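Quick notes on the structure that follows.
Residue numbers (this note's numbering): 4 to 100.
Shown next as structure tokens:
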């Protein structure tokens, strides 16, 4: 499996709007993409500007397909200008329970 984490710092006053757009993207990914196994949107409790994504795909190819979907393009367009900083990391699953 292929895991993607994204740590966002959202600009002030955009937190709610960004979170709503990302939740739509997560729902679409889970329902429309066969290769998307998990898509968690996490909100840091003590800092509303921090949003963390945890995504699991069957393969790196499935993630690359995710990045070509319409819902991915829409969320990028909707959130343009809202992000102060973004750190993306990818991992291969070494052990699976």
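Note that the Cβ used here is the ideal one computed from N, Cα and C, for glycine as well. A quick note: this is a predicted structure, and the numbers were derived from the prediction, not measured.
Going by DSSP, what residue range makes up the alpha helix (DSSP H) through residue 47? Taking the first residue of the chain shown as position 1, residue 47 is located at position 44. Residue 47 -> no alpha helix (DSSP H), and no H or E assigned at all.
DSSP puts residue 12 in a beta bridge; with which residues? Indexing the chain shown from 1 puts residue 12 at position 9. For residue 12, DSSP records a beta bridge to 53 and 88.
Can you tell me whether residue 34 is buried or exposed, with buried defined as 16 or more other CB within 10 angstroms of its CB? Your numbering for residue 34 matches position 31 in the chain shown. Counting the other CB atoms within 10 Å of its CB gives residue 34 a total below 16, which places it among the exposed residues.
Exposed or buried, what is residue 71 when buried is set at 16 or more other beta-carbons lying within 10 Å of its beta-carbon? Taking the chain shown and counting its residues from 1, the one referred to as residue 71 is at position 68. By the 10 Å Cβ count, residue 71 comes out exposed.
Do you know how far the Cα of residue 53 is from the Cα of residue 65? What you label residue 65 is simply residue 62 of the chain shown in a count that begins at 1. What you label residue 53 is simply residue 50 of the chain shown in a count that begins at 1. One C-alpha to the other measures close to 26 Å.
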